[in-house]
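Q: Going down the list, the sequences are from chains A and B.
For the first sequence, our numbering gives the first residue as 1, with consecutive numbering after it.
For the second sequence, our numbering gives the first residue as 335, with consecutive numbering after it.
The beta-carbon is built from N, C-alpha and C at its ideal position, and this holds for glycine as well.
First, the structure itself, so that you have it in front of you.
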Amino acid sequence: MYNLVGNEILKLLMKKRLFVVFGILLILIGLFAYGEQYTRDRTEARVAEQLGIDDIDDWREITNQQLRDLERRLENPFIPDEGRASLEVRAEQLRYYLEKDINPTTFSAGQFMSNFMEQSIFLFLPLLIILLGADIVSKESTTGTIKLLMTRPVPRWKILTSKVLALMVLEMLVIFSMAGISLIIAYFTFGSLGFGEPVITGFRIVDGSLDTSNIRTVSLGVYNIMVYSMGYIVAFTIGKMALMVSVLVKSTAAAIGIMMSSLIGGTFLSFFIGDWELTRYLFNVNLQLTDFLSGSLQQVEGLSLGFSVAVLMAWAFGSMIIAYSVFQYKDFMD
Amino acid sequence: MNDQKINECKNQESETLEIKDRGNKDPVLELKNVKKTIRKKDIIKGIDLSVYEGEVFGFLGPNGAGKTTTLRMIVGLIRMTEGEITIGGYSVKKDFVKAMENVGCIIENPEMYDYLSGWENLKVLASMETGITKERIKDMVSLVGLEKRIDDKVYTYSLGMKQRLGIAQALMKRPKLLILDEPTNGLDPAGISEFRRLIRSLAEKENLGVLVSSHILAEMEMMTDRVAIIRQGSIVKVISVDEIIKEKGITYRLQSPEKAKILIEQEFHGEVQIKNNMELVAFVNEEDVPTINQRLFSEGIALYYVSKNQKSLEDLFLQLTAGDEIV
Numbered sequence: 001m002y003n004l005v006g007n008e009i010l011k012l013l014m015k016k017r018l019f020v021v022f023g024i025l026l027i028l029i030g031l032f033a034y035g036e037q038y039t040r041d042r043t044e045a046r047v048a049e050q051l052g053i054d055d056i057d058d059w060r061e062i063t064n065q066q067l068r069d070l071e072r073r074l075e076n077p078f079i080p081d082e083g084r085a086s087l088e089v090r091a092e093q094l095r096y097y098l099e100k101d102i103n104p105t106t107f108s109a110g111q112f113m114s115n116f117m118e119q120s121i122f123l124f125l126p127l128l129i130i131l132l133g134a135d136i137v138s139k140e141s142t143t144g145t146i147k148l149l150m151t152r153p154v155p156r157w158k159i160l161t162s163k164v165l166a167l168m169v170l171e172m173l174v175i176f177s178m179a180g181i182s183l184i185i186a187y188f189t190f191g192s193l194g195f196g197e198p199v200i201t202g203f204r205i206v207d208g209s210l211d212t213s214n215i216r217t218v219s220l221g222v223y224n225i226m227v228y229s230m231g232y233i234v235a236f237t238i239g240k241m242a243l244m245v246s247v248l249v250k251s252t253a254a255a256i257g258i259m260m261s262s263l264i265g266g267t268f269l270s271f272f273i274g275d276w277e278l279t280r281y282l283f284n285v286n287l288q289l290t291d292f293l294s295g296s297l298q299q300v301e302g303l304s305l306g307f308s309v310a311v312l313m314a315w316a317f318g319s320m321i322i323a324y325s326v327f328q329y330k331d332f333m334d
Numbered sequence: 335m336n337d338q339k340i341n342e343c344k345n346q347e348s349e350t351l352e353i354k355d356r357g358n359k360d361p362v363l364e365l366k367n368v369k370k371t372i373r374k375k376d377i378i379k380g381i382d383l384s385v386y387e388g389e390v391f392g393f394l395g396p397n398g399a400g401k402t403t404t405l406r407m408i409v410g411l412i413r414m415t416e417g418e419i420t421i422g423g424y425s426v427k428k429d430f431v432k433a434m435e436n437v438g439c440i441i442e443n444p445e446m447y448d449y450l451s452g453w454e455n456l457k458v459l460a461s462m463e464t465g466i467t468k469e470r471i472k473d474m475v476s477l478v479g480l481e482k483r484i485d486d487k488v489y490t491y492s493l494g495m496k497q498r499l500g501i502a503q504a505l506m507k508r509p510k511l512l513i514l515d516e517p518t519n520g521l522d523p524a525g526i527s528e529f530r531r532l533i534r535s536l537a538e539k540e541n542l543g544v545l546v547s548s549h550i551l552a553e554m555e556m557m558t559d560r561v562a563i564i565r566q567g568s569i570v571k572v573i574s575v576d577e578i579i580k581e582k583g584i585t586y587r588l589q590s591p592e593k594a595k596i597l598i599e600q601e602f603h604g605e606v607q608i609k610n611n612m613e614l615v616a617f618v619n620e621e622d623v624p625t626i627n628q629r630l631f632s633e634g635i636a637l638y639y640v641s642k643n644q645k646s647l648e649d650l651f652l653q654l655t656a657g658d659e660i661v
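Written as structure tokens, this is what we have:
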């Protein structure tokens, strides 16, 4: 089994698709870091202008200003309930920072890292995993090398298992390289690591209002580990689904197309008919696991971290059952 | 007469066509009543076949007759609907791993991982088998003459080089049975004859059973011991190549064929068939031809030319598969 997995990893590495993924990561993280820096400078300048001071050193001033902005918006009676709850979360966070004397305006590499994963977890990360996973079986079918593999004295289930395990290693590699690349780029852009900074997590929205009963403070380092673990759960699920599609269809292009359209289509669906109870069982709406940590507003109400992880695991497990049973009895005709 | 003979053969049952002079050699591959049905359509309608150790067995048939489907069922790429296939005594269905330990194969094109080098391809495939040493792989590389290019990526290879790599891959595990689907595709004439010699020597020296499919009839005639002709999913005839060669006959163009017929039949005990008033076909040993010619000359029969018939396998093939449409 060990040598089979080794073979699969060798193939994945030599195919160079992984390097395309690294390239995309480098470019995107670079742009993201630049953009973050740019917005930060702009905000500071704007606040400084509003307060009529040349330079902002006092973070309390800025935080107070942001809080006042938020409160003004909350006074607007035309904001829908969900929007109001989300604004309240942010206001509550700011109040908490002020109260505990935590500076939220400093921006460190650690914060950038968690931000980056929070932003990529529902679309960009799945996309990378699809790029890697969708061709793992279908490429062999397209090029005909599947025949080499299937005529060895190795049972079919072992061949598929070696591919599943190799893909899992690769998913891990993608998560680690996302963390690594964003850490390095952000460190050079923002100057500090900031893993010791406290982060407040555990906000929840229950019935449209804010629940602060589970709030706790963790260090940014720990928070990052939590965020990237959520990333791995998503990568794991999407990887299994991509592998299943790769078993079902012969062409890699079709496999990538099917995965992409279900990813994007499902998100649309949940966006437009979010009231429909059934949408919460779609994998798409459960991808934003990091929102449960950061306290952002959920698109679909009534989700919890446990529920979302359970739904994702069910999708992964179901995909594996389909992939194995089809692969085991499939006829390789051409 | 010749036509009549072929028709007789066609009507014979396939079980009577087992070759008797196999001695006590074991069949390395056996197919018993193998059937394949896809969406209620019978693709393969019950094939019985044995390939013995040290034998090169040819598999002939028009496009769509079921050659590749049968070969794919033998190596487990396609599940059979009914029947039993054993390789080296192990059932492909029940004992897949053991059965596959005895087979080396190239099915259709010799596809390899083109983003890996030739050597890496062999190493990856060898790691999925047991007991293939580095030396063995090296030996195979030099056997197929790829030493100079083995470290290059496969996408730089020509079809002929891929074919050679495919042969190395199939042989490195020391199989008892070698399955080759259209193996000389992409090989140049020198490569083809080299390949033919390799296959013959493997069969003779290492007692390898070889099942080879092709539509190049001349090549089949030169390379194989026996040939099965498959048509619309069933085997219509199994024939030994010796028989075909015997059936070939010698064409004489001469004066008064009737007189010559009597002479050859009486003195050389060969069957003679008169084609027209200038030609006859004699089924005699080749060694007798000079003496026959001398006798004809001394009897005063004018001889225009003598030639060996070349097309008997082709005739047989065309006759047996006549009027087929691709299913």
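What's the call for residue 596 of chain B, buried or exposed, on a 16-neighbour Cβ count within 10 Å?
A: So residue 596 of chain B counts as exposed.
Q: Given a limit of 8 Å on CB to CB distance, which residues of the segment 443-459 of chain B reach chain A?
A: Answer in chain order: 443, 445, 446, 447, 448, 449, 450, 454, 458 and 459.
Q: Run through chain A and tell me which residues come within less than 7 Å of residue 463 of chain B, C-beta to C-beta.
A: Ordered by position in chain A, the residues that pass the 7 Å Cβ test against residue 463 of chain B are 152 and 153.
Q: Along chain B, which residues have their Cβ under 8 Å away from the Cβ of residue 115 of chain A?
A: Ordered by position in chain B, no residue passes the 8 Å Cβ test against residue 115 of chain A, which lies about 36 Å from the chain.
Q: At which residues does the beta strand (DSSP E) containing residue 154 of chain A begin and terminate?
A: Run containing residue 154 of chain A: none; DSSP gives neither H nor E here.
Q: Assuming residue 450 of chain B contacts residue 480 of chain B (C-beta within less than 8 Å), just tell me the rounded distance between them.
A: Residue 450 of chain B to residue 480 of chain B, Cβ: 14 Å. No contact.
Q: If the cut-off is 9 Å on Cβ atoms, which residues from the segment 314-333 of chain A count as contacting chain B, listed in chain order?
A: Here the close residues are 329, 330, 331, 332 and 333.
Q: Grab me the residues of residue 26 of chain A's own chain with a C-beta within less than 7 Å of its C-beta, minus the 5 sequence neighbours each way, in chain order.
A: The answer, listed in chain order, is 181.
Q: Please confirm whether residue 245 of chain A and residue 233 of chain A have their CB atoms less than 7 Å apart.
A: No, Cβ-Cβ distance for residue 245 of chain A and residue 233 of chain A is not below 7 Å.
Q: Could you compute how far the alpha carbon of residue 61 of chain A sits from the alpha carbon of residue 278 of chain A?
A: Distance between the alpha carbons of residue 61 of chain A and residue 278 of chain A: 46 Å.
Q: Quick one: which unbroken beta strand (DSSP E) runs of 3-plus residues sit fully inside the segment 566-632 of chain B? Chain order, please.
A: Runs found: 568-574, 584-588, 605-608 and 613-617.
Q: Can you round the beta-carbon distance between residue 107 of chain A and residue 29 of chain A to whole angstroms, since I take them to be within the 8 Å contact cut?
A: The Cβ separation is near 15 Å, so there is no contact.
Q: Among residues of its own chain, excluding the 5 on either side of residue 226 of chain A, which ones have a beta-carbon nearer than 7 Å to its beta-carbon?
A: 293, listed in sequence order.
Q: Whose C-alpha, out of B/487, B/593, B/462 and B/556, is nearest the C-alpha of residue 632 of chain B?
A: Of the candidates B/487, B/593, B/462 and B/556, the one whose C-alpha sits nearest the C-alpha of residue 632 of chain B is B/593.
Q: How many Å lie between residue 549 of chain B and residue 568 of chain B at the Cα?
A: Approximately 17 Å, taken between the alpha carbons.
Q: Apart from the five residues just before and just after residue 247 of chain A, which ones in its own chain have a Cβ nearer than 6 Å to its Cβ?
A: Closer than 6 Å at the Cβ level, and outside the excluded window around residue 247 of chain A, lie 137, 323, 326 and 327.
Q: For residue 556 of chain B, which residues in the same chain have their Cβ closer than 8 Å to its Cβ, ignoring the five residues on either side in sequence?
A: Result list for residue 556 of chain B: 530, in chain order.
Q: Hey, is residue 37 of chain A close to the ligand SAM, as in C-beta under 6 Å from one of its heavy atoms?
A: Within the structure as shown, the ligand SAM is missing, as the structure has no ligands at all.
Q: For a contact defined as C-beta to C-beta under 8 Å, what are the partners of residue 431 of chain B on chain A?
A: Those within 8 Å of residue 431 of chain B in chain A are 153, 154 and 155.
Q: Tell me the DSSP bridge mates of residue 473 of chain B?
A: Its beta-bridge partners do not exist; DSSP assigns none.
Q: Going by C-alpha distance, which of B/448, B/627 and B/446 is nearest residue 587 of chain B?
A: Among B/448, B/627 and B/446, the Cα nearest to that of residue 587 of chain B is on B/627.
Q: Residue range of the alpha helix (DSSP H) that residue 68 of chain A falls in?
A: Unbroken alpha helix (DSSP H) run through residue 68 of chain A: 59-75.
Q: Could you say if the segment 161-174 of chain A and the segment 31-51 of chain A meet the contact criterion of at least three C-beta pairs nearer than 8 Å?
A: No, they do not touch.
Q: Taking the alpha carbon of residue 600 of chain B as the reference point, which residue from B/495, B/618, B/570 and B/384 has its own alpha carbon closest?
A: Minimum Cα distance to residue 600 of chain B is reached at B/618.
Q: For residue 508 of chain B, does the three-state DSSP call read helix, strand or coil?
A: DSSP places residue 508 of chain B in coil when its eight states are reduced to three.
Q: Determine the contact status of residue 410 of chain B and residue 430 of chain B, defining contact as a CB-CB distance below 7 Å.
A: Cβ atoms of residue 410 of chain B and residue 430 of chain B: closer than 7 Å.
Q: Take every Cβ of the segment 429-444 of chain B, pair it with every Cβ of the segment 469-477 of chain B, and state whether three or more of those distances are shorter than 8 Å.
A: They do not touch, by the three-pair rule.
Q: Output the residue ranges of the beta strand (DSSP E) runs that lie fully inside the segment 407-484 of chain B and measure 3 residues or longer, sorted by chain position.
A: As far as the segment 407-484 of chain B is concerned, its whole beta strand (DSSP E) runs of at least 3 residues are 416-421 and 437-440.
Q: Thinking C-beta only, is residue 655 of chain B closer than 7 Å to residue 396 of chain B?
A: Their beta carbons are under 7 Å apart, which means residue 396 of chain B touches residue 655 of chain B by this criterion.
Q: What does a CB cutoff of less than 6 Å around residue 355 of chain B pick up in its chain, not counting 5 residues either side in sequence?
A: Note that residue 355 of chain B scores a pLDDT of 47, beneath 50, so its modelled location is shaky; the value from the coordinates is reported in the next line. Hits under 6 Å: none found.
Q: Under 7 Å between C-beta atoms, does residue 409 of chain B make it to chain A?
A: Yes, its Cβ sits closer than 7 Å to a Cβ of chain A.
Q: Which residue comes first and which comes last in the beta strand (DSSP E) that contains residue 8 of chain A?
A: Taken as a continuous stretch (DSSP letters only), residue 8 of chain A belongs to no beta strand (DSSP E), being part of the alpha helix (DSSP H) at 2-14.
Q: Out of B/605, B/386, B/575 and B/519, which has the shortest C-alpha to C-alpha gap to residue 512 of chain B?
A: The shortest Cα separation from residue 512 of chain B among B/605, B/386, B/575 and B/519 belongs to B/386.
Q: With 16 as the cutoff for other CB atoms within 10 Å, does residue 517 of chain B come out buried or exposed?
A: Flag for residue 517 of chain B reads buried.
Q: Following the continuous alpha helix (DSSP H) through residue 224 of chain A, name the residue where it begins and the one where it ends.
A: Counting along the chain, the alpha helix (DSSP H) containing residue 224 of chain A begins and ends at 220-248.
Q: How would you write the range of the beta strand (DSSP E) that residue 639 of chain B sits in, first residue to last?
A: Here the beta strand (DSSP E) through residue 639 of chain B covers 637-642.
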